[in-house]
Amino acid sequence: MTDVDRSKKEANPIVSAQKPSVIFLGFCEKAHSTMGPFDLATKTSISGLSLMIYSPSFPTTLSGTRWVIAMEMFDVAVRDMHLRIVDDSGIEAGWIECKTGTTTRSDSQLMNRASATSIKDSWTTFILHVSDANFALNKPGRYQVYIDTGESRMLAGSFLAVFVEPPPLTQERITAIRTDPNAHRVIMAHLQCQGCGDELRAYTGIERSSDLESKGTIWVPDLPDSFVCKCSRMKIDLSYMKKGLHAFLDGRISSPDKAVSQNLYEDGALHDVARRFSGMVESGLEEEKYQKFIQDNPVLLCGFSPERLYFKSKILSKFVTDFTVLTPSRELILIEIEKPSTRILKKDGGRAADLQHAFDQVNDWIFIIDQHRAAVLECLNLSVNEVSKVSGVVIAGRDSGQDAKSLQRLKSEDHGRVRFLTFDDLLGNLNATISAFRSL
Numbered sequence: 001m002t003d004v005d006r007s008k009k010e011a012n013p014i015v016s017a018q019k020p021s022v023i024f025l026g027f028c029e030k031a032h033s034t035m036g037p038f039d040l041a042t043k044t045s046i047s048g049l050s051l052m053i054y055s056p057s058f059p060t061t062l063s064g065t066r067w068v069i070a071m072e073m074f075d076v077a078v079r080d081m082h083l084r085i086v087d088d089s090g091i092e093a094g095w096i097e098c099k100t101g102t103t104t105r106s107d108s109q110l111m112n113r114a115s116a117t118s119i120k121d122s123w124t125t126f127i128l129h130v131s132d133a134n135f136a137l138n139k140p141g142r143y144q145v146y147i148d149t150g151e152s153r154m155l156a157g158s159f160l161a162v163f164v165e166p167p168p169l170t171q172e173r174i175t176a177i178r179t180d181p182n183a184h185r186v187i188m189a190h191l192q193c194q195g196c197g198d199e200l201r202a203y204t205g206i207e208r209s210s211d212l213e214s215k216g217t218i219w220v221p222d223l224p225d226s227f228v229c230k231c232s233r234m235k236i237d238l239s240y241m242k243k244g245l246h247a248f249l250d251g252r253i254s255s256p257d258k259a260v261s262q263n264l265y266e267d268g269a270l271h272d273v274a275r276r277f278s279g280m281v282e283s284g285l286e287e288e289k290y291q292k293f294i295q296d297n298p299v300l301l302c303g304f305s306p307e308r309l310y311f312k313s314k315i316l317s318k319f320v321t322d323f324t325v326l327t328p329s330r331e332l333i334l335i336e337i338e339k340p341s342t343r344i345l346k347k348d349g350g351r352a353a354d355l356q357h358a359f360d361q362v363n364d365w366i367f368i369i370d371q372h373r374a375a376v377l378e379c380l381n382l383s384v385n386e387v388s389k390v391s392g393v394v395i396a397g398r399d400s401g402q403d404a405k406s407l408q409r410l411k412s413e414d415h416g417r418v419r420f421l422t423f424d425d426l427l428g429n430l431n432a433t434i435s436a437f438r439s440l
């Protein structure tokens with residue numbers, strides 16, 4: 001069992017050259033402990049072990065990380081220790097106080113069960129969950145982890161903090177973010193020197209905010225290249241923030257520690273979109289009305305998990321899609337929207353003529369892209385490496401009024417590279433998303 005505490009910075013002890021009794025193995029995504037009836041000690045199942053921390057922006061936090069520590073069993077000298085993190089220039093970024101507790105079984109019980117087997121010199125692992133770090137990593141690079149017991153300091157390992165530049169905040173990226181009910185409208189960052197109190201406040205968002213800027217908060221693209229406080233103790237390279245803070249607008253990425261965010265959607269707003277769309281589906285409007293409503297409320301396309309979302313994108317000079325989605329798995333999805341009133345089944349259960357026409361149209365799009373992939377992707381400002389697969393989706397008709405077996409067969413059968421959804425499927429995806437949103 002471990003306990004994380006935070007305190008003020010302390011004087012550095014002498015670095016010891018002795019064999020370390022504690023080793024930092026890396027960060028993990030998940031871990032849990034188990035103990036069987038014949039086990040001498042708990043077993044720890046660890047997944048996602050890595051010696052790298054990835055971030056789309058710096059400064060970045062270590063809050064929420066799980067540290068995997070190996071320690072010699074029964075080494076009382078390191079029961080209470082500090083983990084000190086030092087960058088490659090020798091500057092200490094911060095430290096974490098770690099206190100280890102005892103197991104529910106005494107050491108003597110374990111030794112008695114071991115019989116002739118000695119476990120005196122064996123090692124054990126534990127997971128240190130840092131829920132709230134009181135410091136940040138100011139830049140990418142290598143960081144050393146030292147174990148400070150109060151009497152000596154031992155090098156326990158190191159890790160790399162890696163900058164991963166996200167896609168730029170284009171209009172297509174903003175539109176894709178708006179499909180995510182957990183997305184943020186605004187992300188604000190705050191830097192402050194603990195010495196002189198000099199500070200910098202910055203924000204990024206779906207759109208600029210005159211209210212925030214009137215209060216001295218700077219729009220991220222307008223930031224200078226660096227921030228140096230009045231006493232010169234804090235020197236931060238702001239280029240990483242300018243390139244990547246907008247990544248945290250995506251609801252799938254945890255916001256940086258100490259950042260302030262504003263949600264893009266409230267529960268009531270999502271219900272309102274579902275209510276209005278449901279009413280439209282019953283109204284028998286023109287096809288363009290439904291396309292325009294989805295364009296204004298792209299959260300209806302949340303089921304496609306877009307990384308980028310395009311409206312009326314051109315396929316060379318021959319065709320125009322209703323919507324085009326690029327997914328995180330690099331799949332380019334071409335979407336054709338018909339009407340809820342579109343007839344989708346014939347009496348014999350086959351595809352109706354209107355639905356077949358929509359399928360043929362999407363297949364024509366896919367064929368053109370297959371023949372001229374580089375040219376088409378260039379029109380979307382995409383490289384060939386960003387797209388690994390091209391497929392299509394036809395959204396047409398309703399579930400109601402259809403023969404159940406024929407409809408099920410139509411939805412489940414293989415249509416090649418084109419999938420089929422009804423307007424009820426689109427609305428059902430949104431309602432399921434709303435239910436998941438409310439449970440968070």
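To convert, note that position 54 of the sequence shown is 54 in the UniProt record's numbering; the numbers rise steadily by one, no gaps. Glycine included, every Cβ here is placed at the ideal spot set by N, Cα and C. The structure presented is a predicted model; accordingly, all values stated were derived computationally and were not measured.
Inset, instruction - For Lys30, I'd like the list of residues in its chain whose CB is within less than 7 Å of its CB, leaving aside the five on either flank, ordered along the chain. - result: Cβ neighbours of Lys30 within its own chain (closer than 7 Å, five residues either side excluded): Ser47 and Gly48.
Inset, instruction - Within 10 angstroms of the Cβ of Phe248, are there 16 or more other Cβ atoms? Answer buried if so, exposed if not. - result: Counting the other Cβ atoms within 10 Å of the Cβ of Phe248 gives 16 or more, which makes it buried.
Legend entry - Three-state class that DSSP yields for Phe58 in the structure shown: Of the three classes helix, strand and coil, the one that applies to Phe58 here is coil, per DSSP.
Inset, instruction - In angstroms with no decimal places, state the Cα-to-Cα distance between Ile91 and Pro59. - result: The straight-line gap from Cα to Cα measures roughly 15 Å.
Legend entry - Assigned exposure category for Gly244 - 16 Cβ within 10 Å defines buried: Burial is judged here by how many other beta carbons sit within 10 angstroms of a residue's own beta carbon; Gly244 has at least 16 and is buried.
Legend entry - Limits of the unbroken beta strand (DSSP E) element including Arg173: For Arg173, no beta strand (DSSP E) encloses it; the enclosing alpha helix (DSSP H) starts and ends at Gln171 to Ile177.
Inset, instruction - Have a look at Ala375 and Ser317 and give me their C-alpha separation to the nearest angstrom. - result: The straight-line gap from Cα to Cα measures roughly 11 Å.
Inset, instruction - Measuring alpha carbon to alpha carbon, tell me which of Asp370, Ser391, Ala396 and Ser21 ends up nearest Leu355. - result: Residue Ala396 is the option with its Cα nearest to Leu355.
Legend entry - Ser7 versus Ile127: straight-line alpha-carbon distance, rounded: For Ser7, the pLDDT reaches just 37, beneath the cut-off of 50, and the residue's location in the model is therefore unreliable, although a value from the coordinates is still provided. Approximately 20 Å between the Cα atoms of the pair.
Legend entry - Gln361 versus Ala352, Gly392 and Lys405, residue with shortest Cα-Cα distance: Closest by alpha carbon: Gly392.
Inset, instruction - Please go through the same chain and pick out, in chain order, the residues whose beta-carbon is closer than 7 Å to the beta-carbon of Ala223, but skip the five residues on each side of it. - result: Note that residue 223 is Leu in the sequence shown, not Ala. Cβ neighbours of Leu223 beyond the five flanking positions: Ala202, Leu238, Met241 and Lys242.
Legend entry - Same chain, Cβ closer than 8 Å to Pro167, neighbours up to 5 away in sequence not counted: Excluding residues within five positions, the ones whose Cβ falls inside 8 Å are Arg173, Glu307 and Arg308.
Inset, instruction - Counting only the same chain and skipping the five closest in sequence on each side, list residues whose C-beta sits under 6 Å from that of Val220. - result: Taken in chain order, the residues that qualify are Ala202, Thr204, Lys242 and Leu245.
Legend entry - Which of helix, strand or coil DSSP assigns to Arg330: Coil at Arg330, not helix or strand.
Inset, instruction - Determine the extent of the alpha helix (DSSP H) in which Leu407 is found, giving its start and end residues. - result: The continuous alpha helix (DSSP H) containing Leu407 extends over residues Ala404 to Ser412.
Inset, instruction - Grab me the residues of residue 457's own chain with a C-beta within less than 6 Å of its C-beta, minus the 5 sequence neighbours each way, in chain order. - result: Outside the shown range of the chain, which is 1 to 440, sits residue 457, and nothing can be said about it.
Legend entry - Which listed residue (Thr125, Leu380 and His190) has its alpha carbon closest to that of Ala171: As written in the sequence, residue 171 is Gln, which differs from the Ala given in the question. Measuring from the Cα of Gln171, the nearest candidate turns out to be Leu380.
Inset, instruction - Please report the Cβ distance between Phe420 and Leu410, rounded to the nearest whole angstrom; I am assuming they are in contact, meaning their Cβ atoms lie under 8 Å. - result: Taking the Cβ atoms as the reference, Phe420 lies roughly 6 Å from Leu410, within the contact range of under 8 Å.
Inset, instruction - Identify, in the order they occur along the chain, each residue of the same chain with its Cβ nearer than 8 Å to the Cβ of Val418, setting aside the five sequence neighbours on each side. - result: Counting only Cβ-Cβ distances below 8 Å, and skipping sequence neighbours, we find Phe359, Val362, Asn363, Ile366, Ser391, Gly392, Val393 and Val394.
Inset, instruction - Starting from the Cα of Cys229, find the closest Cα among Lys215, Ile206, Glu213 and Asp198 and give me that residue. - result: Residue Asp198 is the option with its Cα nearest to Cys229.
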